[in-house]
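571 is the number that this note's numbering gives the last residue of the sequence shown; the numbers go up by one with no jumps. For each residue, glycine too, the CB sits at the ideal point set by N, CA and C.
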Amino acid sequence: MTLKIIRNGTVVTARDKYQADIRIRDGKIEAIGVQMDETDAEVVDVSGCYIFPGGVDPHTHLDMPFGGTVTTDDFKTGTIAAAFGGTTTIVDFCLTNKGEPLRSALQTWHGKAEGKAVIDYGFHLMISEINDQVLEELPQVIEEEGVTSFKVFMAYKNVLQADDGTLYRTLLTAKELGALVMVHAENGDVIDYLIQEALKNGQTDPIYHALTRPSELEGEATGRAARLTALANSRLYVVHVTCAEAVHQIAEARNQGLEIWGETCPQYLVLDQSYLERPAFEGAKYVWSPPLREAWHQDVLWNALKNGQLQTIGSDQCSFNFKGQKELGLGDFSKIPNGGPIIEDRFSLLFSEGVLKERISIHQFVDLVSTRSAKLFGLFPQKGTIAVGSDADLVIFDPNAKRVISAETHHMNVDYSAFEGMEVTGEPVSVLSRGEFVVRNKQFVGEIGSGRFVKRKPYSVSVQ
Ligand code: URP
Ligand code: ZN
Ligand code: ZN
């Protein structure tokens, strides 16, 4: 039995902010109050700090083969970095191959995480085809495997892209089974044409990655996915929204009463398309799909977070070294592996750029980085809040600490930071996962492999 009392902190949830002590017994929050009996307890004084629910990152790619290589962060380094950054639960994307049983793909992903993760984790399942075998397996995936969200790629032609028929049938099946469908919304067919045209014209630099994926094609795909969702009477979660066109489609669909949710990521809130023009091929460090946009889109995204048109912040953690991996695209931007390292900075960037710059309230911050994802992905109230009976996943956060982001000091296994030199205010000092310190006074004290797979509940309208 372990008993801890976290004393003198300010508890902040998606709804409330108040001074209280938290008693933790055997990994769960047992009580929240004042003047608690301290007999047999380890007492931890956190005066001057906020206590946030541990971050829930709904979008990570750890140890994932992609773009002819594999992401550098695996479930060990990726989850250690996540914990340093205030995240205590991730939901990672399990890729599938056509013809392979879904459960075999899930076994592969379990094999990547087991014995390595230091925080809890779940999986989303990629759907690349719908056939009798897949339809037979999906109920078990939900009920037995606890995997209650499916991902369909509308882009990456000839690699991950699924057609509209597959998306529509996935939406129908998900509705029937109680799952949530996620989409990467870009028009992959038109993008493929634009890429081939650019290369034919000798346009090979990283900036052409952005110029061949215009925001209209993200807006178009988002609107198409929304219409198919309406037709299927289903529900939809749009990952990594980057632009005004996509926000507009989501807002319109929500105004019509559709259950559509949108996620954006820190990189789209603070970086812009001009980063892809950096000399000496440095622009490759800023290659994401969808791409970074012109700076004016950032205001649209911040407003959408403030007024509830977008509801979550994912990291889209997908790290590749500059040396040897991003460099695969020297002379051909289409060969640059897409993605970047963000898992460690998601939480602090949103606090610093969002709360301290008064773009969002502190309660919206908690909702965006933790609570809403826990609710949408069947983890709430076990995760995503500070309440009696919830897992004691807690972030002890110093709101005044200043830190300069740098690859020299980050814990991700990658040779650059997309935010190199940026100062953020506010930093996780200590982080607990199920009542045990993973990070204590900015030192890693966790146990490799202590993270557990979390079976998630089906999608439920009632908790949204
Ligand atoms: O560029 C990105 N976003 N890489 C990760 C894969 C994806 O599309 O989410
Ligand atoms: Zn994507
Ligand atoms: Zn992603």
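With a 10 Å radius around the Cβ and a threshold of 16 neighbouring Cβ atoms, residue 387 comes out exposed.
Shown here, residue 479 sits in a helix according to DSSP, grouped into three states. Looking from the CA of residue 312, the closest CA among 454, 491, 383, 296 belongs to 383.
The closest CA to that of residue 249, considering only 229, 236, 332, is found on 229. Scanning the segment 254-311 for uninterrupted beta strand (DSSP E) segments of 3 residues or longer gives 256-260, 287-291, listed from N- to C-terminal end.
Looking at the backbone, the Cα of residue 294 and that of residue 241 are separated by about 25 Å. Per DSSP, the continuous beta strand (DSSP E) segment holding residue 368 begins and ends at 366-371. Per DSSP, residue 413 is not a residue of any beta strand (DSSP E); the alpha helix (DSSP H) it occupies stretches across 403-413. Taken atom to atom, the span from the alpha-carbon of residue 244 to that of residue 306 is near 41 Å.
Going by DSSP, residue 166 is part of the beta strand (DSSP E) stretching over 162-167.
Residue burial is scored here from C-beta neighbours: residue 122 has fewer than 16 other C-beta atoms within 10 angstroms and is therefore classed as exposed.
For residue 174, the CB stays at least 8 Å from every heavy atom of ligand 3. In this structure the segment 165-178 touches the segment 197-208; the number of beta carbon pairs closer than 8 Å is three or more.
One Cα belongs to residue 119, the other to residue 414, and the distance between them is close to 20 Å. Using a C-beta cut-off of 8 Å, the segment 478-496 makes no contact with the segment 530-538, since fewer than three inter-stretch Cβ pairs fall below that distance. With a threshold of 8 Å, the Cβ atom of residue 446 counts as near ligand 3, since some heavy atom of the ligand is closer than that. Annotation: the continuous beta strand (DSSP E) that includes residue 124 extends over 124-132.
Proximity of the segment 333-347 to the segment 368-375 meets the contact definition, three or more beta-carbon pairs being nearer than 8 Å. The continuous alpha helix (DSSP H) containing residue 239 extends over residues 239-250. In the three-state reduction of the DSSP assignment, residue 523 falls in the coil class, being assigned neither a helical nor a strand state. The nearest non-hydrogen atom of ligand 3 is 8 Å or more from the C-beta of residue 350.
Here the C-alpha atom of residue 569 lies approximately 22 Å from the C-alpha atom of residue 258.
The beta carbon of residue 262 sits closer than 8 Å to at least one heavy atom of ligand 2. Taking a 10 Å sphere around the C-beta of residue 455, we find 16 or more other C-beta atoms and assign the residue as buried. A direct Cα-Cα distance of roughly 42 Å separates residue 214 from residue 406.
For residue 231, the CB stays at least 8 Å from every heavy atom of ligand 2. Annotation for residue 425 indicates a beta carbon within 8 Å of some heavy atom of ligand 1. Taking a C-beta distance under 9 Å as the contact criterion, residue 223 and residue 553 do not qualify as a contact pair. By the neighbour-count criterion, in which a residue is buried when 16 or more other Cβ atoms sit within 10 angstroms of its Cβ, residue 278 is buried. Here residue 430 is actually not in contact with residue 341; their C-beta atoms are around 43 Å apart, not less than 8 Å. Distance check between residue 397 and each of 488, 484, 292, 302 places 292 closest, using alpha-carbon atoms only. Boundaries of the alpha helix (DSSP H) around residue 211: 209-220. Straight-line measurement puts the Cα of residue 472 at about 36 Å from the Cα of residue 434.
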